[in-house]
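Per this note's numbering, the sequence shown runs over residues 27 to 181. Quick reminder that beta carbons are idealized off the backbone N, C-alpha and C, glycines included.
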Amino acid sequence: MRNAMNILKLHESKEEFIMDNNDILQLNVKKNIGQFITIEGVDGTGKSTHTKFIVDEIKKRYDKEVISTREPGGTKAAEKIREFILADQGENFPVEAEILLFNAARIFHVENLIKPSINEGKVVVCDRFSDSTFAYQCAHGADFDSVNQIHQWAL
27 MRNAMNILKL HESKEEFIMD NNDILQLNVK KNIGQFITIE GVDGTGKSTH
77 TKFIVDEIKK RYDKEVISTR EPGGTKAAEK IREFILADQG ENFPVEAEIL
127 LFNAARIFHV ENLIKPSINE GKVVVCDRFS DSTFAYQCAH GADFDSVNQI
177 HQWAL
């Protein structure tokens, strides 16, 4: 899945849609091979806007079924975990617990939505994925190697 990341870029004007690996995407669309595309960035940078734009462009240009999703979340169980993570727990929320919860949500998401969709030849566009986990968790004091080990185990 990681090879399909960063396949799309947008000009700042949002008027032109650029495929860095346009030939690869076109070939995969013709062969009905699924794609996984993630949109990463900090809060308020327009990820949701870009995600919608990319989804609409792929549908228009390639007449391809596209699934738009987010992390944490994307499935019923993963959304419940998201609600728990974002709710005020009224107590210290250790970074280790947060990492495990994010990855639990990711397991539900990957196994129940992302993998099946890609296997059916669909394009999955995800608002955040593992890059955000590494950035946020390491910024909150988690050890990169520990986060990576948990991430590798979860996937």
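According to the DSSP assignment, Thr64 belongs to no alpha helix (DSSP H) but to the beta strand (DSSP E) extending over Gln61 to Ile65. Restricting attention to Ser94, Gly167, Cys152 and Gln163, the CA atom closest to the CA of Ile125 is found in Gln163.
Taken through DSSP and simplified to helix, strand or coil, Val151 comes out as strand. Taking Gly60 as the centre and dropping the five residues before and after it, the same chain places the C-beta of Ile144, Gly147 and Lys148 closer than 6 Å to its C-beta, in chain order.
From the listed residues Thr75, Asn58, Asp89 and Pro98, the smallest Cα separation to Leu139 is found for Pro98. Apart from the 5 residues on each side of it in sequence, Val92 sits with its Cβ closer than 8 Å to the Cβ of Val81, Ile84, Lys85, Lys148, Val149, Val150 and Val151 in its chain, given in chain order. Assigned with DSSP and collapsed to three states, Val92 falls in strand.
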